[in-house]
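Participant: Here's a structure for you.
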Amino acid sequence: MIDPVAIRAGLEPGALVPITIYCYDRVGSTMDLAREAVQTLPPDALPVLIVADEQTAGRGRLGRRWVAPPGSALLFSLGLHPPAVATTMPTTLIWLATVALVETIEQETPLQAGLKWPNDVLVKTSTGWAKTAGILLEGGWDKNSLVWAIIGCGININAAPDPQITRYPATALAIAAETAIDRLRFLHMLMRRYDYWLRRLYSGESDQLWQTWRNRLLTLGQTVHIHTGNDLVYGTAIDVERNGSLIVREPGGTLRRIESGDVGLVDDHSRNINEV
C-alpha cells in the first residue's frame, strides 16, 4: 500500500500539490472521500490527495464503473480550490490532468501517449492506440462560479480490463511497455507535473496548457461518430474550442459543436475507441 509518508518524501520542497494526503487500502470511491474533504478542510489544507489501492464503487464518466484488481492501478482524487481561470472554465482542469499524465507516461516509460477527446489517455501499442487511463471532474458551484473541484484519475499500471467486458481497446502501462512500473515513483512524477501546471494556472497562464492539450488530441482530423445521448453525430473532428467543445464537420458541411459525448474513431484498426 502507498502511504502518505512515502508520497511526501518524493515531492519537491514547497510543492503546492498536494498539501494534505490520505491513503487507504480499500474504499468505495476516492471521489466521495475527496468531496467530503474539500468541503470540510480549511483552505490552507488544500489541495487534498486521496489515494486507494482498491475501489469497490469506482466510476468513470456517466456513472460507469471503473474496475481494477487491488494494487494494480493508481486510483486517486485531488480536491482543490480552482485557479481563477478554472472558476468559469472548468475544462482547464481536464487539460491539466490529462497533459500532466501524458507527460509523465512519456517520461517514465518508452511509450508514446495521446488524448482522445474529451478525457481519455491512450498509449500506442503494437496493435494500435489503447486506453490506459480516464479522468473524471466534479465540482461545486456558487452563482455560476466553480468554488471547489475534484479531479479523479484511474490509471491502469499493471493490469487491464478483460477485453471481453469492455467496449474499447484498453491496456496497462506495464503491459504496453513490457517493463515493470513503480506505482509510487510514477505518482511522484505525476504530482510534480500537476504542481508545475497548477502553478502556471494560479499565475494566470493558461495559453501554453491549452495549446499542449490541443496538440495532444488524437481525435482531431479523424472521422468520428459521437453518441451525445440524444443523437449520433458523424463527421470529421476539425477543432476544439477553449470551453472544451469539439467541432465536427458533418458530410454535408454543417458544423456541429459537441459539448460532451462518447467518441469512436471510424475505420481505426485498433477497433472503435469508445466510451470511458
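Counting from 1, position 271 in the sequence shown corresponds to residue 255 in the numbering used here; the numbering is continuous, with no gaps. Ideal Cβ positions, reconstructed from N, Cα and C, are used throughout, including at glycine.
(1) Suppose you measure from the CA of L130 to the CA of L25; what does that come to, to the nearest Å?
(2) Is the beta carbon of I141 closer than 7 Å to that of A156?
(3) Who pairs with V104 in a beta bridge, going by DSSP?
(4) Only counting runs of 3 or more residues, tell me where the beta strand (DSSP E) segments fall wholly within the stretch 169 to 228, in order along the chain.
(5) Can you give me the Cβ contacts of T4 inside the same chain, cut-off strictly under 6 Å, excluding the 5 residues immediately before and after it?
(6) Taking contact to mean 3 or more Cβ pairs, one atom from each stretch, closer than 8 Å, check whether the stretch 62 to 79 and the stretch 9 to 28 are in contact.
(7) Look at D37 and G55 and say whether their C-beta atoms are less than 7 Å apart.
(8) For A158 and I165, which I take to be in contact (beta-carbon distance under 8 Å), what is that distance rounded to the nearest angstrom?
(9) Which value, in whole angstroms, describes the spacing of the CA atoms of L46 and G(-2)?
(10) Under the three-state reduction of DSSP, which class applies to T109: helix, strand or coil?
(11) Quick check on the burial criterion: 16 or more other C-beta atoms within 10 angstroms. Buried or exposed for K100?
(12) Using DSSP's beta-bridge definition, name the partner residues of S89.
(13) Between G219 and V232, how many whole angstroms is the CB-CB distance? I'm expecting something under 8 Å.
(14) Between I78 and L121, is the Cβ-Cβ spacing less than 7 Å?
(15) At a Cβ threshold of 7 Å, is S13 touching chain D?
(16) Could you tell me the alpha carbon to alpha carbon distance between I112 and Y152, rounded to whole angstroms?
(17) Let's test the definition: count the other Cβ atoms within 10 Å of the Cβ of Q195 and tell me whether it reaches 16, buried, or not, exposed.
(18) Evaluate E87 with the Cβ neighbour count: other Cβ atoms within 10 Å of its Cβ, from every protein chain shown; 16 or more gives buried, anything less gives exposed.
(19) Whole angstroms is fine: what's the gap from D252's alpha carbon to L239's?
Facilitator: Taking the structure as given:
(1) Translated into the one-based positions of the sequence shown, residue 130 becomes position 146. Translated into the one-based positions of the sequence shown, residue 25 becomes position 41. If I take the Cα positions, the gap works out to 17 Å.
(2) As a position in the sequence shown, residue 156 is number 172, starting the count at 1. As a position in the sequence shown, residue 141 is number 157, starting the count at 1. Cβ atoms of A156 and I141: closer than 7 Å.
(3) The sequence position of residue 104 within the sequence shown is 120, counting from 1. Residue identity check: residue 104 is Asp in the sequence provided, not Val. Answer is K100 and G118, bridged to D104.
(4) 207 to 211 and 216 to 224
(5) Counting from 1 along the sequence shown, the entry for residue 4 is found at position 20. So the list reads A29 and V32, once near-sequence residues are dropped.
(6) yes
(7) Looking up residue 37 in the sequence shown gives position 53. Looking up residue 55 in the sequence shown gives position 71. For D37 and G55, yes; Cβs fall inside 7 Å.
(8) For this step, residue 158 is matched to residue 174 along the sequence shown. For this step, residue 165 is matched to residue 181 along the sequence shown. So it is a contact: roughly 5 Å between Cβ atoms.
(9) As a working mapping, residue 46 is identified with position 62 in the sequence shown. As a working mapping, residue -2 is identified with position 14 in the sequence shown. Residue placement at L46 is flagged as unreliable, the pLDDT there being 47, under the threshold of 50; a coordinate-derived value is accordingly withheld.
(10) In the sequence shown, residue 109 corresponds to position 125, counting from 1. Looking at T109 - three-state DSSP - the assignment turns out to be strand.
(11) Within the sequence shown, residue 100 is the residue found at index 116, counting from 1. The residue in question, K100, is buried, as its Cβ has 16 or more Cβ neighbours within 10 Å.
(12) Residue numbering aside, residue 89 sits at position 105 when the sequence shown is read from its first letter. According to the sequence shown, residue 89 is Ile rather than Ser. DSSP, once it has assigned bridges, lists no residue as partnering I89.
(13) Your numbering for residue 219 matches position 235 in the sequence shown. Your numbering for residue 232 matches position 248 in the sequence shown. Sure, about 4 Å apart at Cβ, within 8 Å.
(14) As a working note, residue 78 is residue 94 in the sequence shown. As a working note, residue 121 is residue 137 in the sequence shown. Contact: yes.
(15) The chain inventory of the structure shown lacks chain D, comprising one protein chain alone.
(16) Here the question's residue 112 lines up with position 128 in the sequence shown. Here the question's residue 152 lines up with position 168 in the sequence shown. In the sequence on display, residue 112 carries Gly and not Ile. For G112 and Y152, the distance between alpha carbons rounds to 12 Å.
(17) For the purposes of this step, residue 195 is taken as residue 211 along the sequence shown, with counting starting at 1. With fewer than 16 other Cβ atoms within 10 Å, it is exposed.
(18) As a first step, residue 87 is located in the sequence shown; it is residue number 103 there, counting from the start. Buried.
(19) Position 268 of the sequence shown, counted from the start, is the residue given in the question as residue 252. Position 255 of the sequence shown, counted from the start, is the residue given in the question as residue 239. Residue placement at D252 is poorly supported in this model, since its pLDDT is 49, which falls under 50; the coordinates still yield a value, given next. Cα-Cα distance, rounded: 23 Å.
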